[in-house]
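Structure, as structure tokens:
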Amino acid sequence: MSGITYTSGSIIYEGSKDKVKTLDVITKGVVRAANDYSTIYLPAGSIIGIGELPGLSYLFTYEAHDDVTVYSYPYESEASLVALFKANPKLLPMLVAGCVRFTKNLQDAVLEALEYARTEYSALQKELEEYPSLATFCGITPKDFEEAKCVNPPDMTDNARGWHRDFVEDMQANEAKFKQDFYPTPSIGLGIGLTVNMYSHESHEFMSKILDYISNFNKETRDFRNEYLLVKNKNKNIEESESEGAVRSDDSSVSNCLNAMHEFLGFDLPALDSFSSLLSEFIREPDKYGNSDSARKLRRDIAADFYSIYLRIFLKTLNADWKTIPLGIRMFLLFGYVDEDLAGVDNTAKLSAIARSFTPFISKRIFTIYEWLCLIYQGRVIPSKNEFDLDYAGYLKELKREGKISETEEQQRINSMTDRVSFELKNLFTLGNRITYGRISTFVPIFDKENVTRKLEQCYLNSATVNEQMEKIREIDFTAFCRQGVFSMPEAGVNSFFTTDEVLPYVILMPNVGTRASLWQEIESKKRSTPARMIISIFHTETIEDTMIKLIGEFRWEMCKTEQGVHWNDVTDPSLTSLYYDYLQFYRKNSALTPEIREKISIMLKNNANNFKKVFLADYYSYIKYEAHGALRLNRVARGILFSSCPFNRTLLAGMTEKPQYKDLIAKFDTEVKQKQKLLNNLTVKIEKAGHKIPDKIREQIHFWA
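Numbering-wise (the working numbering), the sequence shown opens with residue 3 and increments by one.
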């Protein structure tokens, strides 16, 4: 059989176009095998076709790196490879060594392609997170790229790792010894050659899956990534312009916001004149955030006028379309902006970009304070509780009881939407603004560049950002916002059936640059089926993921206390709070804890002023942040309590069944889930036998516990 010679640079086989029909033994020169993500060099003695699948397209493009000579043999199945080995006993050691070498290189190529896919997926997640803010700061309304958001991560299963890879690597490392002592023996050489060829086929299949993933990934993310690149470049140009010298806004409502307020209201408001004077004094004050009596009084007076003005302007906007409201007024309503010099010219440009692109009520659960007050005025939500835990109706009853208002006035005010907004502004807005700011004693509600400790684009929160972080936690703690409900269907003979109902919270973005988030109330009034209300700064300078974990942990604790009532710390009525209370109160007597762990608990209690809730929040943070991802941080008692009340979702549990720390906990949870599934199955049978369709609520329960 004569050989075929290819000159340097010649394509021997083109990947995806040519079909695998032959095994080609390289007797001279080097062949370059490459695809978009990896390259393998095949020296003399290697076989083109090893690792490829006969009858299918080549995985690689094979190119003559220099002048190459090959001898071709038919390749239809494994039998073809056996025939090749048997027909060339003198070349057997070289051919087997070539098989081992190629298989090792192919396994490396698989890892490179997989790492590329993982890197691209991680980059996509970062880009999706950055995009809303980048678009907003360019004055562009962010688009909803659902296709890109729905891309799944690459399969983490890696067929190129494990003992197969170790075996092939050791064979390659000892090539010289094996070529001399083992490969010449026909049965051994043949056995090793066929074995590593089988491993090559496994790697080939996995490489094909990765390449298909990358191809689909590129297709599904192309539109988003093109948009992201445009927005990023535009943002970069804006930043470069700012660094060369910021240009003041040519919008008079921005450059002279106080005057725009006068014009917008259309009448003289004494508070505006007072506010203007106080603002000038505040700008001149060298120690405006100091603790002197004069500085504290100045901040209090500014706050009083600020909220008075805010209420008047808010009421005026109710009859206007959002986009027709002067830009400076929108910035005031969203961020507390009042002065370009006070905010800084660069920050003013960014705030104006956000205000231009902002569209109210995109989300049904996450709102700016302006949107929230609109909901109050429209009667779509009731006012929040005040600092004395009284709702609006309770507050009016208290005023009547104290003789401050008559019964007639009580009825008038309870139906007055303006009074409702005023109540919300004086309570949730005023107090919540200070709480989320983080430094209550020095708080002032106006936007001041001195409070900006991070770039605004890095700490800006919109509804998409908050929702994304909340979804990440819900994917771990899937019952975080669940309450017990009751389903009844008397016509089917079902008087009461306990359900697990998810009630997602409201999140209100407060107009400040702050460091904190807070649970304002876990339910509305006394109805346990109503959403919680959470508050957080619209420019949040801490890590949003950590903040949201702690916030949801706080909700977990307070909701349990509300549901348990006076029994919240009674261990005879097991619950999250009662079990934690018992654990921390009697940890020194707990035989399940080692002396070292007891000492750690003692230190933790001291660091948290012996506050059991704070200790729980620290443990919940570790549970969600670390334990859910396999990094064990908790002791067995704390872990058991948290898992029983806050189980991980089924996807996470599937990867934790072999962990001894979780094995028994998961088994118990599985038993409980099966009991729920059995009860639901019995319920559906009962309803169907009665001749009725399964209600949507029961279908939701079946899906929830599937």
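Where a beta carbon is used, it is the ideal one built from N, C-alpha and C, also for glycine.
Excluding the 5 residues preceding and the 5 following residue i in the sequence, name in chain order all residues of the same chain whose CB lies nearer than 7 Å to its CB.
i      : result
Thr438 : Met512, Asn514, Gly516, Arg518, Ala519, Ser520, Ile537, Ile538 and Ser539
Ala357 : Leu329, Arg332, Met333 and Leu336
Ala162 : Interpretation of Ala162 is limited by its pLDDT of 49, a score under 50 that renders its predicted location unreliable; no figure is taken from the coordinates.
Leu458 : Asn349, Lys352 and Phe541
Phe266 : Ile315, Lys318, Pro328 and Ile331
Lys145 : Glu229
Apart from the five residues on each side of it in sequence, which residues of its chain come closer than 6 Å, Cβ to Cβ, to residue i?
i      : result
Gly440 : Gly516, Thr517 and Arg518
Ile6   : Val72
Tyr379 : Met419 and Val423
Gly100 : Gly47, Ser48 and Ile49
Asp253 : Leu329
Glu129 : Tyr230
From the options, pick the residue whose C-alpha is nearest to that of residue i; which is it?
i      : options                           : result
Asp26  : Val70, Asp38 and Ser10            : Val70
Ala262 : Ile311, Phe139 and Asp303         : Ile311
Gly434 : Val496, Thr444 and Ile371         : Ile371
Thr549 : Cys484, Arg530, Ser48 and Tyr622  : Tyr622
Arg530 : Lys236, Glu560 and Glu556         : Glu560
Lys486 : Val496, Thr532 and Asn469         : Reading off the sequence shown, one finds Gln at residue 486, where the question assumed Lys. For Gln486, the nearest C-alpha among the options comes from Thr532.
Tyr291 : Ile448, Arg701, Phe390 and Arg558 : Ile448
Glu177 : His166, Trp165 and Gly191         : Gly191
Asp2   : Lys318, Leu313, Thr319 and Glu283 : No statement about residue 2 is possible, as the shown extent of the chain runs from 3 to 708 and does not include it.
Lys688 : Pro492, Ile626 and Phe588         : Pro492
His631 : Lys661, Phe360 and Glu131         : Lys661
Ser580 : Asn612, Phe618 and Met606         : Phe618
Ser359 : Asn497, Ala137, Gly11 and Gly57   : Ala137
Leu1   : Gly495, Phe671 and Ala611         : As shown, the chain starts at 3 and ends at 708. That puts residue 1 outside it, with no answer to give.
Leu271 : Cys562, Asp307 and Ser255         : Asp307
Pro362 : Cys376, Phe147 and Ala355         : Cys376
Using C-beta distances below 8 Å, list every residue in its chain close to residue i, excluding the 5 sequence neighbours before and after it, in chain order.
i      : result
Leu398 : Ile407, Glu412, Arg415 and Ile416
Gly247 : With a pLDDT of only 49 at Gly247, under 50, the local geometry of the prediction cannot be trusted, and the value read off the model is given with reservation. Excluding positions up to five away in sequence, the list is empty.
Lys451 : Leu344, Ala345, Gly346 and Asn349
Asp289 : Ala297
Could you please give me the residues that DSSP links to residue i through a beta bridge?
i      : result
His542 : Gly516
Arg34  : Tyr43 and Glu65
Lys21  : Ser59
Met1   : Past the boundaries of the shown model lies residue 1; the chain is included only from 3 to 708, so the question cannot be answered.
Glu601 : In the DSSP output, where bridge partners are listed per residue, Glu601 has none listed.
Val423 : DSSP, once it has assigned bridges, lists no residue as partnering Val423.
Asp341 : Per DSSP, none; premise fails for Asp341.
Lys529 : Glu526
Asp479 : Phe650
Ile49  : Val27
Tyr462 : Phe541
By the 10 Å Cβ neighbour count, where 16 or more other Cβ atoms means buried, how is residue i classified, buried or exposed?
i      : result
Tyr462 : buried
Met200 : exposed
Met419 : exposed
Ala692 : exposed
Thr545 : exposed
Leu634 : exposed
Ala708 : exposed
Val84  : exposed
Trp374 : buried
Asp479 : buried
Glu16  : exposed
Gln703 : buried
Asp555 : Inspection of the sequence shows that residue 555 is occupied by Gly rather than by Asp. Classification for Gly555: buried.
Ser217 : exposed
Asn235 : exposed
Ile327 : buried
Glu38  : The sequence given here places Asp at residue 38; Glu does not occur at that position. By the neighbour-count rule (16 or more Cβ atoms within 10 Å), Asp38 is not buried but exposed.
Pro45  : exposed
Phe431 : buried
Glu342 : buried
If you follow the beta strand (DSSP E) that residue i is part of, which residue opens it and which one closes it?
i      : result
Ser490 : Cys484 to Met491
Asn349 : Unbroken run through Asn349 is the alpha helix (DSSP H), Val347 to Ser359; no beta strand (DSSP E).
Thr501 : Val496 to Glu504
Phe369 : Ile368 to Thr370
Tyr15  : Ile13 to Tyr15
Ile6   : Ile6 to Tyr8
Mind checking whether the beta-carbon of residue i lies closer than 8 Å to any heavy atom of the ligand MN?
i      : result
Ala630 : Absence of the ligand MN from the depicted structure is noted, as is the absence of any ligand whatsoever, leaving it without description.
The alpha helix (DSSP H) that contains residue i, what's its start and end?
i      : result
Thr71  : Premise fails: Thr71 lies in the beta strand (DSSP E), Val70 to Pro76, not in any alpha helix (DSSP H).
Val112 : Leu94 to Phe139
His694 : No alpha helix (DSSP H) holds His694; DSSP gives it neither H nor E.
Pro272 : Pro272 to Arg286
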